[in-house]
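Below is one structure, written out as structure tokens; the observations come after it.
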Amino acid sequence: MKANLTNSLFDVVRVLVCTLVVIALLLTFFFRVVVVDGGSMYRTLRDGELVIVTNYNNDYQNIKNGDIIAIAANSTHGTGNVSVETDYEGEYSKSLIKRVIATAGQTIEFDTDNGKVYVDGKAVDEPYVYGITSRGAQWDVPEVIPQGYVFVLGDNRGISKDSRSAGIGLIDVNKIIGKAQFVLYPLRYADFLY
């Protein structure tokens, strides 16, 4: 009887260890959990939500307009929607969460009278936007997005620090961590983003 109990406990521990190893591998190579900090993606994402992000693994050709992405950012960037984590060397790394509006080679224009964004001359259908879209006055947005960069905006346009801000600007595709896929927590908002 004692041997059966010991074997059962060993089996449970073995299953738990294997499960933790699989989760660690998934989180290292395929997924990442990012905490939304701030309101710049409101109503799509809320402050404090946990979001599962799939790693791009240098597959930047699949970035599309409308994708919600997590971006590695240094400490000089704005404070909206920033998740601060401490890495192994004690340095801080931050992740911005924003929506891709235009990719390399596309043109972007703002109609400040109507609060519309135009990509390649066509108005972008943005039912997710909260607030009015303005051009932003902190820097001159290039009309054509250069190779290796994307233009991003937060969904809560009135408060978002995004590609309209000089502190963030265009996003180098090499700084993109991945695509946000699923709201994990709180459970009442748990859902796929697409």
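The numbering used here numbers the first residue of the sequence shown as 48 and each following residue consecutively.
Here a beta-carbon is modelled for each residue, glycine too, at the ideal position from N, C-alpha and C.
The structure displayed is predicted, hence computed values, not measured ones.
Count Cβ pairs between the region 195 to 207 and the region 64 to 80 that sit closer than 8 Å; are there 3 or more?
no
Which residues share a DSSP beta bridge with E156?
Translated into the one-based positions of the sequence shown, residue 156 becomes position 109. DSSP output for E156 lists Y165 as bridge partner(s).
Output yes or no for whether 7 Å exceeds the beta carbon distance between V81 and V98.
In the sequence shown, residue 81 corresponds to position 34, counting from 1. In the sequence shown, residue 98 corresponds to position 51, counting from 1. Result yes, Cβ atoms of V81 and V98 sit closer than 7 Å.
A227 and I144 look like a contact to me (Cβ under 8 Å); what is the Cβ gap, rounded to whole Å?
In the sequence shown, the residue the question calls residue 227 occupies position 180. In the sequence shown, the residue the question calls residue 144 occupies position 97. The Cβ separation is near 6 Å, so the contact holds.
Residues of its chain near N102, where Cβ-Cβ distance is below 8 Å and the 5 sequence neighbours each way are ignored
The residue given as residue 102 occupies position 55 in the sequence shown. Cβ neighbours of N102 beyond the five flanking positions: F76, F77, F78, R79, I224, G225.
Simplified DSSP assignment, three categories, for Y302
Look at the range of the chain in this structure, 48 to 241, and you will see that residue 302 is not part of it.
Endpoints, the beta strand (DSSP E) within which I215 is located:
Along the sequence shown, one-based indexing puts residue 215 at 168. Neither: I215 is in no beta strand (DSSP E) and is coded neither H nor E.
Determine the closest residue to T91 out of V171, R146, A151, with distance taken between C-alpha atoms.
Sequence index remark: in the sequence shown, residue 91 carries index 44 (1-based). Per the Cα distances, R146.
Could you give the residue range of the beta strand (DSSP E) that holds Q228?
In the sequence shown, the residue the question calls residue 228 occupies position 181. Unbroken beta strand (DSSP E) run through Q228: 223 to 232.
Starting from the N-terminal side, write out each stretch of the beta strand (DSSP E) that is 3 residues or longer and does not extend beyond the region 84 to 123.
97 to 102, 115 to 120
Buried or exposed (CB count within 10 angstroms, at least 16 for buried), G152:
Looking up residue 152 in the sequence shown gives position 105. Answer is exposed; the Cβ neighbour count stays below 16.
Confirm, please, whether the CB-CB distance from K208 to I118 is below 7 Å.
Taking the first residue of the sequence shown as 1, we reach residue 118 at position 71. Taking the first residue of the sequence shown as 1, we reach residue 208 at position 161. Against a cut-off of 7 Å, the Cβ pair of K208 and I118 comes out as no contact.
CA-CA distance, Q108 and V171?
For this step, residue 108 is matched to residue 61 along the sequence shown. For this step, residue 171 is matched to residue 124 along the sequence shown. Roughly 21 Å separates the two Cα atoms.
Using DSSP's beta-bridge definition, name the partner residues of D238.
Position 191 of the sequence shown holds residue 238. D238 pairs with V230.
Just the C-alpha distance for Q194 and V220, rounded to the nearest angstrom, thanks.
Here the question's residue 194 lines up with position 147 in the sequence shown. Here the question's residue 220 lines up with position 173 in the sequence shown. Rounded to whole angstroms, Q194 to V220 spans 9 Å at the Cα level.
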